[in-house]
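Engineer:
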Amino acid sequence: MDSIDKKILMLLQQDAKQNTKEIAEKVGLSVSPTFERIKKLEQKGFIKNYVALLDATKIGKSISVYCQVTLAVHSRELIDDFKQHILVLPEITGCFHVSGNYDFLLKVAVNDMNEYQKFVIDKLSVIKGISNVQSSFVMEEIKNDFAYNL
Numbered sequence: 540m541d542s543i544d545k546k547i548l549m550l551l552q553q554d555a556k557q558n559t560k561e562i563a564e565k566v567g568l569s570v571s572p573t574f575e576r577i578k579k580l581e582q583k584g585f586i587k588n589y590v591a592l593l594d595a596t597k598i599g600k601s602i603s604v605y606c607q608v609t610l611a612v613h614s615r616e617l618i619d620d621f622k623q624h625i626l627v628l629p630e631i632t633g634c635f636h637v638s639g640n641y642d643f644l645l646k647v648a649v650n651d652m653n654e655y656q657k658f659v660i661d662k663l664s665v666i667k668g669i670s671n672v673q674s675s676f677v678m679e680e681i682k683n684d685f686a687y688n689l
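Count along the sequence shown from 1, then add 539; that gives the number in the numbering used here.
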């Protein structure tokens, strides 16, 4: 990956709806080589997906919660079982296996406190092997950037 590829990736992170001609002009190449570079970046896995970032409040997901989950036992079976359960819960928008005082960090988006309570009681607490869940509620989002600085 050279400096032009990095510029292309930065531009796509800022606005993935730009067409190839616009990107080509900004990186100083013609359309054809720019298109080929983008395709190679996709094929090599540098670009995983193109998405629209939504305003959580406008779609009714006004509560963001970070849940710190500790498992009772650290066995391969229990960890794999936990991961499989998490993958099918639509309220969870992020799941990270971490080191430190807890095992997993979950990012949860819900409409209100009642929905969060129902999520914890009906969906999270029924997963085998969880020994502790601590919740941190986002009061204000200062920065939530999905772009990487290249």
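Think of the CB as a built atom: it goes at the ideal place given N, C-alpha and C, for glycine as much as any other residue.
By the DSSP assignment, the beta strand (DSSP E) with ILE669 in it spans what residues?
Structural biologist: 669-676 is the span of the beta strand (DSSP E), which, as asked, contains ILE669.
Engineer: Measuring CA to CA, which of ASP620, ASP661, ALA648, PHE574 is closest to LYS597?
Structural biologist: If we check each option's Cα against that of LYS597, ALA648 comes out closest.
Engineer: If you draw a straight line from the alpha carbon of GLU679 to that of GLU616, how long is it in whole angstroms?
Structural biologist: Approximately 37 Å between the Cα atoms of the pair.
Engineer: Whether or not the stretch 612-632 and the stretch 570-588 are in contact is what I'm after, with contact meaning three or more pairs of Cβ atoms, one per stretch, closer than 8 Å; do they touch?
Structural biologist: Output reads no: the stretch 612-632 does not touch the stretch 570-588.
Engineer: Work out the CA separation of LEU548 and ASN688 for me, nearest whole Å.
Structural biologist: Rounded to the nearest angstrom, the two C-alpha atoms are 10 Å apart.
Engineer: Quick one: give me the first and last residue of the beta strand (DSSP E) that HIS636 is part of.
Structural biologist: Note, HIS636: beta strand (DSSP E), 631-636.
Engineer: Using the three-state DSSP reduction, which class does SER664 fall into: helix, strand or coil?
Structural biologist: In the structure shown, SER664 sits in coil (DSSP, three-state: anything other than H, G, I, E or B).
Engineer: Quick one: give me the first and last residue of the alpha helix (DSSP H) that LEU645 is part of.
Structural biologist: No alpha helix (DSSP H) contains LEU645, which is instead part of the beta strand (DSSP E) from 643-649.
Engineer: Rounded C-beta distance between THR559 and ILE543? I'm assuming under 8 Å.
Structural biologist: Actually they do not touch by this definition, with Cβ atoms about 13 Å apart.
Engineer: Compute the beta-carbon to beta-carbon distance between ASP620 and LYS579, rounded to the nearest angstrom, for a pair I have assumed lies under 8 Å.
Structural biologist: So it is not a contact: roughly 38 Å between Cβ atoms.
Engineer: So for THR609, helix, strand or coil by DSSP?
Structural biologist: DSSP places THR609 in strand when its eight states are reduced to three.
Engineer: With the cut-off set at 9 Å, would you say LEU644 and TYR605 are in Cβ contact?
Structural biologist: For LEU644 and TYR605, yes; Cβs fall inside 9 Å.
Engineer: Are the C-beta of LEU628 and some C-beta of chain B separated by less than 9 Å?
Structural biologist: In summary, chain B is missing from the structure at hand, where a single protein chain is found.
Engineer: Please determine, among ASN683, ALA563, ILE618, the residue with the shortest C-alpha to C-alpha distance to LYS646.
Structural biologist: Out of ASN683, ALA563, ILE618, ASN683 has the C-alpha closest to the C-alpha of LYS646.
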